[in-house]
Structure formats: structure tokens, C-alpha cells
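Working notes for the structure below.
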Amino acid sequence: MQIHETAFIVSTYRSYHESVSKDIYAKLWNNPKTEAIIPEILDSVSTNESILHSLRNRFFHESLQSFFSKNKGGVLINFGAGFSMYQFLLGADVHTIEIDKKDIIEYKKNQIEVWTEEGKLPERNTTYISFDFNHDSEETMITELNKFINQQPIFIVLEGVLFFLDRKVTDKLFTVFKNIQSSGDVVGSVSYIPEIEHTDVYKRLLHYFDSHNNTNDSFAHQTIPTSYYTQIEGYRLVEHTDECKLSKIYTPNTPLEDPNEILNEHLYLLERV
Ligand SMILES: C[S@@+](CC[C@H](N)C(=O)[O-])C[C@H]1O[C@@H](n2cnc3c(N)ncnc32)[C@H](O)[C@@H]1O
């Protein structure tokens with residue numbers, strides 16, 4: 001499995017629970033190769049993975065709707081965007097900058113153009129940038145991003161990415177965020193807390209990745225304590241939740257009760273001070 005394949009998997013999960021994820025466009029990315037992999041993951045790691053990723057998307061869907069209803073003409077910057085489709089459910093006034101590795105960005109840009117021409121997607125103002133967070137410097141990222149932003153309110157999404165990066169690269173990304181954002185702007189981030197490392201379900205996840213990693217992709221397996229987010233210079237932690245808690249809000253008839261039985265990700269909203 002290559003890291004970019006995880007973007008197809010997550011997108012397909014969202015398509016399985018449209019009423020929860022609210023991502024009515026996710027299914028455009030569905031393909032037989034990904035759908036053939038998913039049953040084995042659900043079986044060997046955890047059956048809850050598809051609903052958890054849909055809850056995660058719902059959290060950001062709601063957070064983005066709220067931010068951009070108050071900040072007209074703002075910019076959404078999605079770091080490690082994969083096949084996220086948030087912009088198509090936001091107003092056409094939002095400018096979206098999608099960042100990912102080159103192969104994902106080129107494929108996504110091309111597909112979005114085709115589907116927009118075919119009328120399957122509404123027109124949106126999207127800029128596509130390819131970075132490799134491990135190799136591009138903070139100066140490179142800041143200089144490139146500054147070409148496309150000019151004092152507008154910015155919401156940065158960093159979703160489903162930090163597991164693959166190490167702490168040094170994570171610090172680098174937050175330095176980039178701090179440089180391009182202004183007071184009142186928001187970062188939404190997702191990661192696992194270190195306590196998950198002791199759970200059977202997380203051990204099964206690592207085993208799955210290790211036994212299917214037939215490429216040179218590096219997997220950092222990063223977990224991050226909540227205290228990391230409270231100590232980031234230039235930011236204030238304004239919201240912290242997790243997928244277990246989100247299930248009580250968005251799937252109240254089937255709430256997830258035990259965070260130790262699932263791959264429970266924690267979600268954070270940080271405001272630039
Ligand atoms: C699990 S997917 C999540 C995609 C999307 N954020 C979502 O939640 O649907 C992880 C994404 O992070 C991207 N990614 C991982 N490592 C990266 C790196 N070093 N530089 C840029 N993108 C990276 C992958 O290409 C992939 O699209």
C-alpha cells in the first residue's frame with residue numbers, strides 16, 4: 001500500500017455514510033481497486049473505520065460552514081487534501097488551496113476539471129499545489145502560498161496526515177501556518193493520542209500497514225499528546241473533541257461507547273492569536 005492509496009480509502013469510507021459525512025461528492029472517486037481492499041481492512045483492523053472517517057469529515061464540514069459563513073471571501077487551505085471535497089459544499093466565494101504530493105494533485109486537478117465540465121460538480125475557485133512536507137522547506141512553502149493569499153481569513157485543514165509525518169515535519173508545518181495566518185484564523189488538525197499505542201486495535205492497524213507496505217513510503221506512525229496543541233506558539237486551542245464524542249452527536253442511535261475499542265482520532269481547532 002502506498003500513502004496516496006489511503007486517500008482513496010478514506011474518500012470511499014465517506015461515500016458509505018453520506019448522511020453522516022455530508023460528502024455527497026465522495027462517491028465520484030470510488031473505484032474497484034479501492035473497494036476490493038476495504039473489506040480486508042475492516043475485517044483485520046476494525047469494522048468502525050468507515051463511520052469514524054465519516055464523523056471526522058462531518059466535524060470539519062460543520063466547522064468550515066461556520067467559519068466561512070462569518071468570513072466571506074476567505075481561503076480554505078487543505079494540507080494533505082487527498083480527495084476531500086469540502087469546497088463543493090461551501091459557497092462559491094471561498095478560494096480553496098489544495099496541497100498534496102504531486103501524483104495526487106495532478107490526478108485530482110484533472111478529474112475535477114472533467115467532472116466540472118460534465119456538470120457533476122459546481123464551479124469552484126481552486127488552486128492546486130504539490131508539496132512534499134518531508135522534503136520542501138518552510139521557506140518554499142511560505143513563499144509559494146503567499147502568492148495566493150492576501151490578508152483574507154484562512155482556515156487550514158490538516159486531516160488524516162499527521163500519522164504519516166514525524167514531529168520535526170509537524171513543527172515545520174505549524175511554523176508555515178503561523179507565518180501565513182493572521183489573528184482570528186483557524187487550524188483544524190487531527191491526530192491520535194499516545195495512549196492509543198497500548199490498544200489492540202492500534203496494534204492491528206500498524207500490523208496491517210507494515211504487512212502491506214511494499215513501497216518505499218515511510219510511515220512515521222506519529223501520535224501526539226493534547227498538550228502539544230496547547231503549547232503551539234501563536235495559537236490558542238479553542239476546541240478539542242474525538243470521534244467517540246462526535247458519534248454521540250451525529251449517530252446518537254449507534255453511539256461508540258469505548259474509545260479503546262476503536263481507532264479514535266482526536267480533533268482540534270486552534271485559533272491564531
Ligand atoms: C489518509 S489521506 C487523507 C486525505 C484527506 N486529508 C482526507 O482526510 O480525506 C493522507 C493524505 O496525506 C498526503 N500526504 C502524506 N504524506 C505527505 C507528505 N509528506 N507530503 C504531502 N502530502 C502527504 C497523502 O498523499 C494523502 O493524500
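Under my numbering, the first residue of the sequence shown is numbered 1, with each subsequent residue one higher.
From the three backbone atoms N, C-alpha and C, an ideal C-beta is built for every residue, glycine too.
Could you tell me whether any non-hydrogen atom of ligand 1 is closer than 6 Å to the CB of residue i?
{"i": "T6", "result": "yes"}
{"i": "D171", "result": "no"}
{"i": "E271", "result": "no"}
{"i": "S302", "result": "The question about residue 302 has no answer, for the chain in this structure spans 1 to 273."}
{"i": "E18", "result": "no"}
{"i": "G91", "result": "no"}
{"i": "G188", "result": "no"}
{"i": "F164", "result": "yes"}
{"i": "D242", "result": "no"}
{"i": "E138", "result": "no"}
{"i": "I224", "result": "no"}
{"i": "V10", "result": "yes"}
{"i": "K101", "result": "yes"}
{"i": "E239", "result": "no"}
{"i": "I154", "result": "no"}
{"i": "D113", "result": "Just to set this straight, residue 113 is Glu in the shown sequence, not Asp. Incorrect: E113 has no Cβ contact closer than 6 Å to ligand 1."}
{"i": "I104", "result": "yes"}
{"i": "E144", "result": "no"}
Looking at ligand 3, does it come within less than 6 Å of residue i, judged from the CB to the closest heavy atom?
{"i": "F133", "result": "The model on display carries ligand 1 but not ligand 3."}
What residue range does the beta strand (DSSP E) around residue i cover?
{"i": "H240", "result": "235-242"}
{"i": "S130", "result": "125-130"}
{"i": "Y268", "result": "266-272"}
Given that a residue counts as buried once 16 or more other Cβ atoms are within 10 Å of its Cβ, and exposed if not, what is residue i?
{"i": "H135", "result": "exposed"}
{"i": "E49", "result": "buried"}
{"i": "N78", "result": "buried"}
{"i": "T170", "result": "buried"}
{"i": "T6", "result": "buried"}
{"i": "G91", "result": "exposed"}
{"i": "V94", "result": "buried"}
{"i": "R56", "result": "buried"}
{"i": "T126", "result": "buried"}
{"i": "R236", "result": "exposed"}
{"i": "G160", "result": "buried"}
{"i": "L269", "result": "buried"}
{"i": "L206", "result": "exposed"}
{"i": "K22", "result": "buried"}
{"i": "E98", "result": "buried"}
{"i": "D242", "result": "buried"}
{"i": "G188", "result": "buried"}
{"i": "V238", "result": "exposed"}
{"i": "E108", "result": "Residue identity differs from the one stated: residue 108 is Lys in this sequence, not Glu. Its Cβ being crowded by 16 or more others within 10 Å, K108 is buried."}
For residue i and chain D, any beta-carbon pair shorter than 7 Å?
{"i": "Y25", "result": "No chain D appears in the structure shown, which is made up of a single protein chain."}
Are the Cβ atoms of residue i and residue j separated by less than 7 Å?
{"i": "P194", "j": "P225", "result": "yes"}
{"i": "Q181", "j": "R124", "result": "no"}
{"i": "V157", "j": "F60", "result": "yes"}
{"i": "Q152", "j": "V75", "result": "yes"}
{"i": "S44", "j": "A26", "result": "no"}
{"i": "H274", "j": "S54", "result": "The chain is shown only over 1 to 273; residue 274 falls outside these bounds and no answer can be derived."}
{"i": "G80", "j": "D100", "result": "yes"}
{"i": "E265", "j": "V190", "result": "yes"}
{"i": "L121", "j": "V201", "result": "no"}
{"i": "I105", "j": "Y128", "result": "yes"}
{"i": "V186", "j": "F155", "result": "yes"}
{"i": "Y250", "j": "R58", "result": "yes"}
{"i": "L173", "j": "A220", "result": "no"}
{"i": "Q222", "j": "F163", "result": "yes"}
{"i": "T34", "j": "I9", "result": "yes"}
In the DSSP assignment, the alpha helix (DSSP H) including residue i goes from what residue to what residue?
{"i": "I105", "result": "102-117"}
{"i": "I232", "result": "Per DSSP, I232 belongs to no alpha helix (DSSP H) and is neither H nor E."}
{"i": "L145", "result": "138-146"}
Worksheet item: Counting only runs that start and end within the region 154-228, where is the beta strand (DSSP E) found for 3 or more residues in a row?
Response: DSSP runs (the beta strand (DSSP E)) wholly in the region 154-228: 154-158, 186-191.
Worksheet item: Could you give the uninterrupted runs of the alpha helix (DSSP H) lying entirely in the region 22-91, keeping only those of 4 residues or more?
Response: 32-44, 49-70
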